[in-house]
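J.: Here's a structure for you.
Number of protein chains: 2
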Amino acid sequence: MVSVSNQEDAILSRLRGEGYKITPQRRAIVRAILSSDEYVTPELLLIKARQAFPSLGRVTVYRTLDILSQLGLLCTLHPEGHHPGYTLGRLDHHHHVVCSGCGRVSDFSEHGLEELEKRLSRETGFKIEGHILEFLGLCPQCQETNNEK
Amino acid sequence: MVSVSNQEDAILSRLRGEGYKITPQRRAIVRAILSSDEYVTPELLLIKARQAFPSLGRVTVYRTLDILSQLGLLCTLHPEGHHPGYTLGRLDHHHHVVCSGCGRVSDFSEHGLEELEKRLSRETGFKIEGHILEFLGLCPQCQETNNEK
DNA sequence: TACTAACTGAAACCATTTTTCATTTACTAT
DNA sequence: ATAGTAAATGAAAAATGGTTTCAGTTAGTA
Ligand SMILES: [Mn+2]
Ligand SMILES: [Mn+2]
Ligand SMILES: [Zn+2]
Ligand SMILES: [Zn+2]
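As you go down the protein sequences, you meet chains E and A in turn.
Just so we're aligned, residue 23 is where the first sequence starts under my numbering, counting upward by one.
Just so we're aligned, residue 23 is where the second sequence starts under my numbering, counting upward by one.
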């Protein structure tokens, strides 16, 4: 838990450094994202953050997500058929394994896409600037739950 | 152009085979997706298909996309910050390089994710069922346009 | 040439996100 | 501590993107 709190501080001081004010609303929102190992949608985030700050407005959630996104602090997930989800995590380049059952997210550092990227660049003529890589599956807990039925 | 037409026929006869009727609306929609090497959004698709069938309704576009998607004929793109886009293409498992300038899409067959998938499965305990892999960049044409300015 | 299940599109509806704006607040400089 | 100010907030309204409903139409068939 000490690491979660450190992460919270790091994010808040980054916000402060960029000239944003540290409001209790923003605290509650950041804390709510960090306190879950599942990704959150804006609506879910509103509900969670309101437990700490009940009068929180929906708009502020969207605005805070925008800011975090612009600062590159937010990980965006693309769960098939669902609305986009968000997590707050590491700052280095990484990717995600997402549980289709419960939304739990596990990160990993990428390996081996560099060769593929070079090949594609050569073969298609595209100047490649980025990529999305995401695995979808069932987390250990959800595998158990499914087997029990 | 003969290949585009073959593709169109293949898709339409697949629809017929599945018990769907071949209506002029569906023809226009399928043709509109195929006639572009850029991905289309539902709105764009409506506009394009209406050139061939002006009274086409927005709902029919969504319904046809649903059908094509269920049959596994539709490729879904996740362009950063934009709405999901669609193309019609190959039936085998493949991925996309998408131009962030104009939306042009180029496919490729994947190589080398199997090892990574095994590693992740082992390290995270997830039972991996699928993945998203997409490259983003500038197509040759858009690179030129950008350089000229 | 019927017949009928499938299909269509207008309209109403719904969920999500954005905009607007009057009020409040976090920070800065006294 | 206090006041001043730009930034932030939230209620409400509007916009956006997508879905449902339903009465009328049509593709495929027999
Ligand atoms: Mn992450
Ligand atoms: Mn494709
Ligand atoms: Zn799970
Ligand atoms: Zn391009």
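The C-beta atom is built at its ideal place from N, Cα and C for all residues, glycine as well.
Going along chain E, which residues have a C-beta under 7 Å from Ser131/A?
T.: Simply none; closest approach about 10 Å.
J.: Check whether the segment 146 to 162 of chain A touches the segment 110 to 122 of chain A, counting contact only when three or more Cβ pairs, one atom from each stretch, lie closer than 8 Å.
T.: yes
J.: Check Cys161/A in the structure and name its three-state DSSP category.
T.: coil
J.: Below 8 Å between beta carbons: does that hold for Arg80/E and Leu68/E?
T.: yes
J.: Starting from Glu60/A, follow its DSSP beta bridges and name the residues at the other end.
T.: Arg126/A
J.: Buried or exposed: where does Thr86/E fall if 16 or more other Cβ atoms within 10 Å of its Cβ makes it buried?
T.: By the 16-neighbour rule on beta-carbons within 10 angstroms, Thr86/E is buried.
J.: Could you please tell me which residues of the segment 124 to 153 of chain E, in chain order, have their CB closer than 9 Å to any CB of chain A?
T.: Residues Arg126, Ser128, Phe130, Glu132, His133, Gly134, Leu135, Glu137, Leu138, Glu139, Arg141, Leu142, Ser143, Glu145, Thr146, Gly147, Phe148, Lys149, Ile150, Glu151, Gly152 and His153.
J.: Starting from Gly94/E, find everything on chain A with Cβ-Cβ shorter than 9 Å and list it in chain order.
T.: Going along chain A, no residue has its Cβ under 9 Å from Gly94/E, so there is no contact; the nearest lies around 13 Å.
J.: Report the option in Ser91/E, Leu78/E and Arg141/E whose CA atom is closest to the CA atom of Leu113/E.
T.: Looking only at Ser91/E, Leu78/E and Arg141/E, the smallest Cα-Cα distance to Leu113/E is reached by Ser91/E.
J.: Under 7 Å between beta-carbons, which chain E residues line up against Gly159/A? List them in chain order, please.
T.: Phe148, Lys149, Ile150 and Glu151
J.: For Lys70/E, count neighbouring C-beta atoms within 10 Å of its own C-beta (all shown protein chains included) and say buried if the count is 16 or more, exposed if not.
T.: buried
J.: Identify every residue that forms a DSSP beta bridge with Gly152/E.
T.: Looking at the DSSP assignment, Gly152/E forms a beta bridge with Leu158/A.
J.: What is the DSSP secondary structure of Gly39/E, counted as helix, strand or coil?
T.: helix
J.: Give the residues whose C-beta lies closer than 7 Å to at least one heavy atom of ligand 2, in chain order.
T.: Cys97/A, Thr109/A, Gly111/A, Arg112/A, His116/A, His118/A, Val127/A and Asp129/A
J.: Residues in the same chain with beta-carbon distance under 6 Å from Pro162/A, minus the five sequence neighbours each way, listed in chain order, please.
T.: none
J.: Given that a residue counts as buried once 16 or more other Cβ atoms are within 10 Å of its Cβ, and exposed if not, what is Arg48/A?
T.: buried
J.: So what's Thr98/E in DSSP terms, helix, strand or just coil?
T.: strand
J.: Take every Cβ of the segment 128 to 142 of chain E, pair it with every Cβ of the segment 23 to 42 of chain A, and state whether three or more of those distances are shorter than 8 Å.
T.: no
J.: In the DSSP assignment, find the unbroken beta strand (DSSP E) run with Leu110/A in it and report its ends.
T.: Gly107 to Leu110
J.: Could you tell me which of Pro46/E, His105/E, Thr98/E and Gly103/E sits nearest to Glu102/A, measuring between CA atoms?
T.: With distances taken between Cα atoms, Glu102/A lies closest to Thr98/E.
J.: Strictly below 8 Å CB to CB, what residues from chain A border Ser122/E?
T.: Glu151
J.: What span of residues does the beta strand (DSSP E) with His177/A cover, start to end?
T.: The first residue shown for chain A is 23 and the last is 171, placing residue 177/A beyond what the model contains.
J.: Mapping DSSP to helix, strand and coil, what is Gln73/A?
T.: coil
J.: Does ligand 3 have even one heavy atom less than 7 Å from the beta-carbon of Gly147/A?
T.: no
J.: Along the segment 25 to 52 of chain A, where does the CB come closer than 9 Å to a CB of chain E? Name the residues.
T.: Within the segment 25 to 52 of chain A, no residue places its CB atom closer than 9 Å to a CB of chain E.
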